[in-house]
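J.:
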Amino acid sequence: MDKEFAKRRKNLMRMIGHDGIAILPAASVKIRNRDVEFDYRQDSDFMYVTGFQEPEAVAVLMPGRAHGQYILFCRERDLEMETWNGLRAGQEGAMNDFGADDAFPIGDIDEILPGLLEQRERVFYTMGVHADFDHRLLGWVNQIREKSRGGTHTPHEFISLDHLLHELRLFKTGAEIKHMKRAAKAAIAGHQRAMRACQPGMYEYQIEAELLYEFKKAGCETAYPSIVGGGANGCILHYTDNNQVLQDKDLLLIDAGAEYCGYASDITRTFPVNGEFTEPQLELYELVLDAQLAAINAVQPGNHWNDPHDAAVKVLTRGMVKLGILKGRPAKLIKDGAYRKYYMHRTGHWLGLDVHDVGDYKIEDQWRLFEPGMVLTVEPGIYIPSKSRGVPKRYWNTGIRIEDDVRVTRNGNEVITGALVKEPQDIEALMASAQ
Ligand code: GLY
Ligand code: MN
Ligand code: MN
Numbered sequence: 127m128d129k130e131f132a133k134r135r136k137n138l139m140r141m142i143g144h145d146g147i148a149i150l151p152a153a154s155v156k157i158r159n160r161d162v163e164f165d166y167r168q169d170s171d172f173m174y175v176t177g178f179q180e181p182e183a184v185a186v187l188m189p190g191r192a193h194g195q196y197i198l199f200c201r202e203r204d205l206e207m208e209t210w211n212g213l214r215a216g217q218e219g220a221m222n223d224f225g226a227d228d229a230f231p232i233g234d235i236d237e238i239l240p241g242l243l244e245q246r247e248r249v250f251y252t253m254g255v256h257a258d259f260d261h262r263l264l265g266w267v268n269q270i271r272e273k274s275r276g277g278t279h280t281p282h283e284f285i286s287l288d289h290l291l292h293e294l295r296l297f298k299t300g301a302e303i304k305h306m307k308r309a310a311k312a313a314i315a316g317h318q319r320a321m322r323a324c325q326p327g328m329y330e331y332q333i334e335a336e337l338l339y340e341f342k343k344a345g346c347e348t349a350y351p352s353i354v355g356g357g358a359n360g361c362i363l364h365y366t367d368n369n370q371v372l373q374d375k376d377l378l379l380i381d382a383g384a385e386y387c388g389y390a391s392d393i394t395r396t397f398p399v400n401g402e403f404t405e406p407q408l409e410l411y412e413l414v415l416d417a418q419l420a421a422i423n424a425v426q427p428g429n430h431w432n433d434p435h436d437a438a439v440k441v442l443t444r445g446m447v448k449l450g451i452l453k454g455r456p457a458k459l460i461k462d463g464a465y466r467k468y469y470m471h472r473t474g475h476w477l478g479l480d481v482h483d484v485g486d487y488k489i490e491d492q493w494r495l496f497e498p499g500m501v502l503t504v505e506p507g508i509y510i511p512s513k514s515r516g517v518p519k520r521y522w523n524t525g526i527r528i529e530d531d532v533r534v535t536r537n538g539n540e541v542i543t544g545a546l547v548k549e550p551q552d553i554e555a556l557m558a559s560a561q
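Heads up: the sequence shown begins at 127 in our numbering, then just goes up one per residue.
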């Protein structure tokens, strides 16, 4: 991966130019309670550029700088602290193992960074993500401004770094796809294990434990809090309480993804708690599956971002009319957005280091065209809570979503989570094999 990170920095530096300086802070440690910290998660932009996993670090890129273009400020080695909290790379590690041309203790940044800023015209930095660091950076710039009366040079342009960086992040390299496939594999194992374990009478969190077991076993973290919602809970889009008992004859919706080396997978499957779909569940399930397959089919180079959504909405609306859930002409129901009552979210998002990954969806007000290397989710659903007026009662309390991760290829697409069952008979067969 070392070469990969060097290449990313090179690409970014080409965009920044010789009069620019880019500054990226690491994520800070967050306190959970008293002296316990939340699990540390590196900032995705910082991780993409450096591969460095420690907190209290700042990366600086100065294209063309004679004494080194890539400078990393990081913690100093400290034997006592390392005994308590784990190893640190230190400045030597930053240069030897992480490719920095120059490295300084993070405690020296106040003395060193203003001097670096003075040498450049344009500062590339993402404001509004790390509030404390925003203040410090403005402080350094003001410090230079004050000195400028004495003839010091002040950078005169601030440019948001995220726009350039996120355009790079949108297109996944072969190494990134490999990581995403590892994340997908762990997530698939988790979902399969959950399907096999599921029985009426279990708690939702017990199923969550099955997922987490496979994630951890594969060296992964969770990419986002897992949604494990039985029956009506499947209709709550961001349900994460996961504390209810699973009922016989209900469906279970699981939206859970593993993260490998920072890269997310994002999978949803919906299956019967007792292993067999009822007739009304099957009718809705087949409809969502048809919509998902149509949407995946629309992920093609040259198609635009909204084509999969349009395809899903068309199938879902027609199907809901057929099942008596919506009344009217499909074309008009689509135009009026009537489907939104039961399908209220979009059909997907970019996927990468962040589960809702970076990258523009539109360019100059036009939906962006798909290009090879992009990765997105495709995740249509139908959600019918109880007492949905005008909807046949047999469909109440049913939430269904089917979500896969799809890579745009030169000739079409590859469903990187495609190994996980989603045809109803395949789900039933998998669940039956565990009995
Ligand atoms: N798991 C978050 C999402 O599906 O967008
Ligand atoms: Mn998703
Ligand atoms: Mn999801």
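Cβ coordinates follow ideal geometry from the N, Cα and C atoms, glycine included. Fair warning: this is a prediction, and the values are worked out from it, not measured in the lab.
Can you list the residues near ligand 2, meaning Cβ strictly closer than 6 Å to any non-hydrogen atom, in the order they appear in the chain?
T.: In chain order, the hits are Asp392, His475, Thr503, Glu505 and Glu529.
J.: Among the candidates Phe199, Arg160 and Asp491, whose CA atom is the shortest distance from the CA of isoleucine 235?
T.: Walking along the sequence shown from the start, residue 235 turns up at place 109. Residue Phe199 is the option with its Cα nearest to isoleucine 235.
J.: Comparing alpha-carbon positions, which option in Ser170, Leu205 and Pro181 lies nearest leucine 291?
T.: Position 165 of the sequence shown, counted from the first residue, corresponds to residue 291. Out of Ser170, Leu205 and Pro181, Ser170 has the C-alpha closest to the C-alpha of leucine 291.
J.: Please determine whether the Cβ atom of valine 509 lies at a distance below 7 Å from any heavy atom of ligand 1.
T.: Numbered from its first residue, the sequence shown carries residue 509 at position 383. In the sequence on display, residue 509 carries tyrosine and not valine. Not so, every heavy atom of ligand 1 lies at least 7 Å from the Cβ.
J.: Work out the CA separation of leucine 410 and valine 534 for me, nearest whole Å.
T.: In the sequence shown, residue 534 corresponds to position 408, counting from 1. In the sequence shown, residue 410 corresponds to position 284, counting from 1. Cα to Cα, the separation comes out at about 28 Å.
J.: Tell me, to the nearest whole angstrom, how far the beta carbon of valine 354 is from that of aspartate 376; I am working on the premise that it is less than 8 Å.
T.: Counted from its first residue, the sequence shown places residue 354 at position 228. Counted from its first residue, the sequence shown places residue 376 at position 250. Incorrect: roughly 12 Å between the Cβ atoms, too far for contact.
J.: For the 8 Å Cβ check, are there 3 or more pairs between the segment 341-353 and the segment 414-426?
T.: Not touching, per the Cβ criterion.
J.: Between threonine 394 and ligand 3, is there a pair consisting of the residue's CB and a ligand heavy atom that are separated by less than 7 Å?
T.: For this step, residue 394 is matched to residue 268 along the sequence shown. It does: the Cβ of threonine 394 is within 7 Å (strictly closer) of some heavy atom of ligand 3.
J.: Taking buried to mean at least 16 other C-beta atoms within 10 Å of its own C-beta, is aspartate 552 buried or exposed?
T.: Taking the sequence shown and counting its residues from 1, one reaches residue 552 at position 426. The residue is exposed, with fewer than 16 neighbouring Cβ atoms inside 10 Å.
J.: Less than 8 Å separating the beta-carbons of alanine 312 and alanine 384?
T.: Looking up residue 312 in the sequence shown gives position 186. Looking up residue 384 in the sequence shown gives position 258. Yes; because the gap between Cβ atoms is below 8 Å, this pair is in contact.
J.: If you draw a straight line from the alpha carbon of threonine 86 to that of isoleucine 147, how long is it in whole angstroms?
T.: The question about residue 86 has no answer here: the residues shown for the chain are numbered 127 through 561.
J.: Suppose the cutoff is 7 Å on Cβ atoms and the five residues either side in sequence are ignored; what does the same chain contact list for valine 517 look like?
T.: For this step, residue 517 is matched to residue 391 along the sequence shown. Counting only Cβ-Cβ distances below 7 Å, and skipping sequence neighbours, we find Ile451 and Ile510.
J.: If we count Cβ pairs, one from each stretch, closer than 8 Å, do we get three or more for the segment 240-254 versus the segment 275-294?
T.: Yes: at least three Cβ pairs fall under 8 Å.
J.: Return yes when at least one heavy atom of ligand 3 lies under 7 Å from the C-beta of aspartate 483, else no.
T.: Here the question's residue 483 lines up with position 357 in the sequence shown. No, ligand 3 has no heavy atom inside 7 Å of this Cβ.
J.: Cβ of tyrosine 469 versus every heavy atom of ligand 1: is any distance shorter than 7 Å?
T.: Translated into positions along the sequence shown, residue 469 becomes position 343. Not under cutoff, so the answer is no.
J.: What does the Cβ neighbour count give for glutamine 245, buried or exposed, with the cut at 16 atoms within 10 Å?
T.: Taking the first residue of the sequence shown as position 1, residue 245 is located at position 119. Exposed, by the Cβ-count rule.
J.: If distances are taken between C-alpha atoms only, which option among Pro151, Glu237, Gln168 and Glu549 comes closest to threonine 396?
T.: Your numbering for residue 396 matches position 270 in the sequence shown. Ranking the options by Cα distance to threonine 396, first place goes to Glu549.
J.: Report yes if the CB atom of aspartate 531 is closer than 8 Å to the CB atom of alanine 310, and no otherwise.
T.: Here residue 531 corresponds to residue number 405 of the sequence shown, with the count starting at 1. Here residue 310 corresponds to residue number 184 of the sequence shown, with the count starting at 1. Their beta carbons are under 8 Å apart, which means aspartate 531 touches alanine 310 by this criterion.
J.: Between the C-alpha atoms of glycine 276 and isoleucine 270, what's the straight-line distance to the nearest angstrom?
T.: Taking the sequence shown and counting its residues from 1, the one referred to as residue 276 is at position 150. Taking the sequence shown and counting its residues from 1, the one referred to as residue 270 is at position 144. Taking the straight line from one Cα to the other gives about 10 Å.
J.: Comparing the CB of aspartate 367 with every heavy atom of ligand 1, is any distance shorter than 7 Å?
T.: Numbered from its first residue, the sequence shown carries residue 367 at position 241. The answer is no for aspartate 367.
J.: Starting from glutamate 172, trace the alpha helix (DSSP H) in both directions and tell me its first and last residue.
T.: For the purposes of this step, residue 172 is taken as the residue at position 46 of the sequence shown. Correcting the residue identity first, residue 172 is phenylalanine in this sequence and not glutamate. Where phenylalanine 172 is concerned, the enclosing alpha helix (DSSP H) stretches over 170-176.
J.: Return the bridge partner residues of tryptophan 476 from the DSSP annotation.
T.: Numbered from its first residue, the sequence shown carries residue 476 at position 350. In the DSSP output, where bridge partners are listed per residue, tryptophan 476 has Leu502.
J.: Looking at the unbroken beta strand (DSSP E) that takes in arginine 134, where does it start and where does it end?
T.: Within the sequence shown, residue 134 is the residue found at index 8, counting from 1. From DSSP, arginine 134 is part of no beta strand (DSSP E) but of the alpha helix (DSSP H) over 128-142.
J.: List the endpoints of the continuous alpha helix (DSSP H) containing leucine 413.
T.: Taking the sequence shown and counting its residues from 1, the one referred to as residue 413 is at position 287. 405-423 is the extent of the alpha helix (DSSP H) around leucine 413.
J.: Between the segment 495-502 and the segment 520-527, do three or more beta carbon pairs fall short of 8 Å?
T.: Judged by Cβ distances under 8 Å, the segment 495-502 makes no contact with the segment 520-527, as fewer than three pairs qualify.
J.: Under 6 Å Cβ to Cβ from isoleucine 149, same chain only, skipping five residues before and after it: list those, please.
T.: Position 23 of the sequence shown, counting from 1, holds the residue named residue 149. The answer, listed in chain order, is Val186 and Tyr251.
J.: What runs of the beta strand (DSSP E), each 3 residues or longer, lie entirely inside the segment 315-364?
T.: Fully enclosed beta strand (DSSP E) runs of 3 or longer: 353-356.
J.: For leucine 138, which residues of its own chain have a beta-carbon under 8 Å away from its beta-carbon, when the five flanking residues on both sides are left out?
T.: Mapped onto the sequence shown, residue 138 falls at position 12. Excluding residues within five positions, the ones whose Cβ falls inside 8 Å are Ala148, Val175, Leu187, Leu290, Leu291 and Leu294.
J.: From this set, Lys458, Leu502 and Ala457, which residue's C-alpha is nearest leucine 109's C-alpha?
T.: Nothing about residue 109 can be reported from this structure: the residues present for the chain run from 127 to 561 only.
J.: Got a sec: does ligand 1 put a non-hydrogen atom nearer than 7 Å to the Cβ of tyrosine 174?
T.: Taking the first residue of the sequence shown as 1, we reach residue 174 at position 48. No, ligand 1 has no heavy atom inside 7 Å of this Cβ.
J.: Between the alpha carbons of glutamate 554 and cysteine 346, how many angstroms are there, rounded?
T.: Indexing the sequence shown from 1 puts residue 554 at position 428. Indexing the sequence shown from 1 puts residue 346 at position 220. If I take the Cα positions, the gap works out to 28 Å.
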